[in-house]
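So the structure is just underneath, and the comments pick up after that.
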Amino acid sequence: MKIPALLKNPVVIQWLVIGGIGLYAYYRFKKFTTVPTAADTAQTETLALAASGQVPSFGDTVYVGFADKIVSASTTNFGTDEKAIYAVFTQLNNDIDVLKLVQAFGNRRKEFSLFWDSLAGYLAGELNGSEMSKINDILKSKGIRYRF
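Terminal number for the sequence shown in the numbering used here: 148, no gaps in between.
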């Protein structure tokens, strides 16, 4: 097997080695500095609640549908459809349901933005304080401890 002439050049070999070491160092540094996302935290909390006997009210695809409905409600031509967002939260029955929704939502890109956010950040960007309070009131009325 012939080695291409470019790979026989010591300068090219040197840069390949330096680049490889740099990529390896970046990977190792990134691995140690990764901050858990809201979805990661929600997954951990979901497992703890499941161990205590709490069960989700719906299948995973339903939570994805709820997350999509929240995004759709915020991308209407006439502003945010708060009632559609409230309707999602009225269907949740316990803390594990909220956590499953947070997981399903993950991080989504905000409309007309280059930024991605979790469910809490997304709602905070779409709703004012009294509207967020209404969501928390809905959760509180159902005995759900999770708050946005």
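Quick reminder that beta carbons are idealized off the backbone N, C-alpha and C, glycines included. Being a predicted model, the structure only gives us computed values, none of them experimental.
Leaving out the 5 sequence neighbours to the left and right, which residues in its chain are closer than 6 Å to residue i when beta-carbon positions are compared?
i	result
residue 57	93 and 97
residue 100	56 and 63
Please report the straight-line C-alpha distance between residue i and residue j, rounded to a whole angstrom.
i	j	result
residue 145	residue 136	9 Å
residue 221	residue 103	Coverage of the chain is limited to positions 1 through 148, which leaves residue 221 absent and any answer about it impossible.
residue 111	residue 75	7 Å
residue 123	residue 131	9 Å
residue 43	residue 108	17 Å
residue 117	residue 36	13 Å
residue 17	residue 3	17 Å
residue 128	residue 24	44 Å
residue 40	residue 87	25 Å
residue 78	residue 119	21 Å
residue 62	residue 27	35 Å
residue 95	residue 19	47 Å
residue 134	residue 72	19 Å
Could you give the first and the last residue of the continuous alpha helix (DSSP H) run that contains residue i?
i	result
residue 122	119 to 126
residue 65	60 to 74
residue 138	129 to 141
residue 88	82 to 90
Among residues of its own chain, excluding the 5 on either side of residue i, which ones have a beta-carbon nearer than 8 Å to its beta-carbon?
i	result
residue 13	7
residue 125	110 and 117
CB-CB under 7 Å to residue i, same chain, minus the five flanking residues each way: which ones, in chain order?
i	result
residue 82	127 and 131
Using DSSP bridges, identify the partner residues of residue i.
i	result
residue 109	116
Inset, instruction - At 4 residues or longer, and completely inside the region 8 to 53: list those alpha helix (DSSP H) runs for me, N to C. - result: 10 to 33 and 38 to 51
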